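2 protein chains.
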Amino acid sequence: MFSKTCEYAVRAMIFIAQKTKGGGKIGIRDIAKGIDSPEYFIAKILQELSRKGLLQSTKGPNGGFYLDKASMKHSLADVVKAVDGDNIFFGCGLGLNQCSESHPCPIHHEFKKIRKQLAQMLEKAKVGTFTEELEIQTFLRR
Amino acid sequence: MFSKTCEYAVRAMIFIAQKTKGGGKIGIRDIAKGIDSPEYFIAKILQELSRKGLLQSTKGPNGGFYLDKASMKHSLADVVKAVDGDNIFFGCGLGLNQCSESHPCPIHHEFKKIRKQLAQMLEKAKVGTFTEELEIQTFLRR
DNA sequence: TAAATAAAAGAGTTTTTTCTCTTTTATTTG
DNA sequence: CAAATAAAAGAGAAAAAACTCTTTTATTTA
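Quick note, the sequences are listed as chains A and B, same order. Mapping of the first sequence onto our numbering: residues 1 to 142, in sequence order. Mapping of the second sequence onto our numbering: residues 1 to 142, in sequence order.
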């Protein structure tokens, strides 16, 4: 469904939201452990997301990654788009470039409904909404 | 969503169904052209599907690929499973191995609905049902 | 039964994705 | 301001996916 890069990104964003809701920051090593991902790899991914403004970071002692108020309101769809692009939301299920309403592939209309539901679900899910359930952190690993 | 291999596979199966409904066979070169895929690559994919019994073939002059009655009844879900496995139908949206009802990731329950709909849609779509609309063949390219 | 045909199998190469390590830059704190 | 800390950036390596070519095997037909 999503690339591994994208899965790590979503897990990391949710994790960081949980951990920095109170105002602190969290380091890359703790993030990697917290979501069970390769440390250097998730670092690269977060650099990219940071450049795109989806999360914040500061260098040096007491530095780390965090989410400001605006970033907390980003949706999982925003994260997915930033990493994998929007092909999952708009692309043809059979990989055809020219597939459209007027020139549909055999499963175009059925597939459209599912893509739409997926998009809506991920739009509704804001990064900041996963903070309440504290226990959830366990479930971002493995 | 699906691997390219899988997209080619589904397109090829639909194409072969359309072309061999009347009882004939179709060669690999025509299939590759018909669905706009790399010839040697789709050949490999169909060999695999043939071994798994999802379609039939014969060698030699007048040989080629075709679908017998039973194969026509296979669903697109069967094809997807044969190529990509069933991860798309059962796997966690965030890539977690241990994600389950009792140990869910943050989007487990929402994601489950979408996976289910996708599965149902592809189960319902039988390879043989795409034969009526003759014009459809154009829409398996590009 | 020899030649022609077409898929199957074997053995790759290329490209993309995933992952790693080292060096640099920014920030803090003693 | 020097040392320590932590992310950013650069430059890859490893693994997986996508794709290609050649040889073999099965089948038909002249």
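The beta carbon of each residue, even a glycine, is placed where N, CA and C say it ideally should be. Remember, it's a predicted structure, so these values are computed and weren't measured experimentally.
Same chain, Cβ closer than 6 Å to residue i, neighbours up to 5 away in sequence not counted
i	result
A:I136	Unreliable placement is indicated for A:I136, whose pLDDT of 49 sits below 50; the coordinate value is still reported in the next sentence. Nothing meets the Cβ criterion.
B:K21	T131
A:Q56	Y66, D68
A:E110	none
A:C92	C99, C105
B:Q120	none
A:I107	G93
B:S37	Y8
B:K33	none
B:R141	D36
Contact under 7 Å by Cβ, residue i with residue j
i	j	result
B:F15	A:C105	no
A:L146	B:E7	Past the edges of chain A, shown from 1 to 142, lies residue 146 of chain A, and the structure says nothing about it.
B:I35	B:T5	no
B:L96	A:I114	no
B:K19	B:I26	yes
B:D84	B:F2	yes
A:M72	A:G24	no
Sequence-distant residues of its chain with Cβ nearer than 7 Å to residue i (five each side left out)
i	result
A:A82	L49, K52, L54
A:I31	A12, F15, I16, I42, F65
Residue i beta carbon near the ligand NAP (any heavy atom closer than 6 Å)
i	result
B:A12	Ligands displayed in this structure: none; no statement on the ligand NAP is therefore possible.
Review point. Taking the runs of the alpha helix (DSSP H) that are 4 residues or longer, which of them lie wholly in the segment 44–122 of chain B?
Key: 69–72, 76–84, 87–90
Point to revise | Entirely enclosed alpha helix (DSSP H) segments - the segment 3–29 of chain A, minimum 4 residues | key: Annotation: the segment 3–29 of chain A contains the following complete segments of the alpha helix (DSSP H) (minimum length 4 residues), in chain order: 4–20.
Point to revise | the segment 11–19 of chain B in contact with the segment 118–130 of chain A per 3-pair CB rule at 8 Å | key: no
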